Ligand code: SF4
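Numbering (the numbering used here), first residue to last: 923 to 1270.
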């Protein structure tokens, strides 16, 4: 069987960076544990920028391992298993221990709210910020715009960690604005209360309704639109057009990351050259599932495989197969699947 890879596939810059940062922390912890075993001395606390030491009796025991990611670092079960084998486990935001002294806390690529960051630091954790630079840029823009008095429309999934984080930065900006006493006056006979600094909208229809309601309250508001980094440019354009009907001076900020689009375009190109497609990646990964839908919509038979064990038996009916992978799929999984496809059927 001939296997053609999509020109762009697998880890995006933000996920690769976060995984590398997590790996470095695991190696550092391993080195410290080794040096402790060799000379019997405690790990080099001075190398860490954590809070001053506390009376050990006052600290509730922290379950091992001591490196945590705040929520899953990546939506891929095999990658999470590898991280866990390196001593890195997941800490859920709603189940934080009261004391995190001694813990290394890795902030995932999609970021967290400034409030949560503060809480983690207050509880004694040392933060390793793996927030993707694209997401960091959206957070900064949201804070700046809110501080400048803009109401922000945030296009994306309400419960997604990235959106929740950006919303937190908008709230921080509004707080700074209120403290400065520069709150703009309501116009159009509306409400002078500041209200929420941002409105999250999932699509153009929601955006239009939200804009209509906001316009009724305060037609003179300055508004800006930001997108979740993975949003489709087409949906973002429609969302912007819907809000422009009510707020013609809407400031539309381009916060869409090219990584998702690049993988999707490369896959469309690949589909034209192959008989069937395998998308490597986790079933829980939204961008991986989206790639599968794109391949199927292109008219080629397509399957999702988390590992080579998931390859369907039908794949052996084809002689030219395309291979793509979501932005959270590790290189090793892509390689294993490719080897299984190019090897004999027994290899699977
Ligand atoms: S998809 Fe884009 S914004 Fe999201 S982590 Fe990857 S590079 Fe960063």
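Even for Gly, the Cβ is constructed at its ideal location relative to N, Cα and C.
Nothing here was measured: the structure is a model prediction, and the numbers come from that model.
For residue 925, name the three-state secondary structure that DSSP assigns.
The answer is strand: DSSP assigns residue 925 an E or B state.
Exposed or buried, what is residue 1203 when buried is set at 16 or more other beta-carbons lying within 10 Å of its beta-carbon?
Per the 10 Å Cβ criterion, buried.
Which value, in whole angstroms, describes the spacing of the CA atoms of residue 969 and residue 951?
For residue 969, the predicted model reports a pLDDT of 37, less than 50, meaning its position is unreliable; a value from the coordinates is still stated below. Using only the alpha carbons, I get a separation of about 12 Å.
Looking at the structure shown, is residue 1060 part of a helix, part of a strand, or coil, going by DSSP?
If DSSP states are grouped into helix, strand and coil, residue 1060 belongs with the helices.
Taking its Cβ as the centre, do 16 or more other Cβ atoms sit within 10 Å of residue 1185, making it buried, or is it exposed?
It is buried - the Cβ of residue 1185 has at least 16 other Cβ atoms within 10 Å.
If distances are taken between C-alpha atoms only, which option among 1038, 1142, 1240, 1160 comes closest to residue 1071?
The option with the nearest alpha carbon to residue 1071 is 1142.
On a Cα-Cα basis, can you pick out the residue from 1213, 1206, 1167 that is closest to residue 1199?
For residue 1199, the nearest C-alpha among the options comes from 1213.
Using C-beta distances below 7 Å, list every residue in its chain close to residue 1178, excluding the 5 sequence neighbours before and after it, in chain order.
These residues qualify, in order along the chain: 1149, 1151, 1153, 1155, 1158.
How far does the alpha helix (DSSP H) with residue 1277 in it extend, from its first residue to its last?
Lying before the first or after the last residue shown, residue 1277 is absent from the chain, which here runs from 923 to 1270.
Can you list, in chain order, the residues of its chain with a C-beta nearer than 6 Å to that of residue 1167? Leave out the 5 residues immediately preceding and following it.
Contacts found: none.
How far does the alpha helix (DSSP H) with residue 1088 in it extend, from its first residue to its last?
First-last of the alpha helix (DSSP H) with residue 1088: 1083–1102.
Which stretch, first to last residue, makes up the alpha helix (DSSP H) that contains residue 1165?
Here the alpha helix (DSSP H) through residue 1165 covers 1155–1166.
Which class does residue 933 belong to by DSSP, given the choice of helix, strand or coil?
Reduced to three states, the DSSP call for residue 933 is coil.
Starting from residue 1006, trace the alpha helix (DSSP H) both ways and give me its first and last residue.
Residue 1006 -> alpha helix (DSSP H) spans 999–1007.
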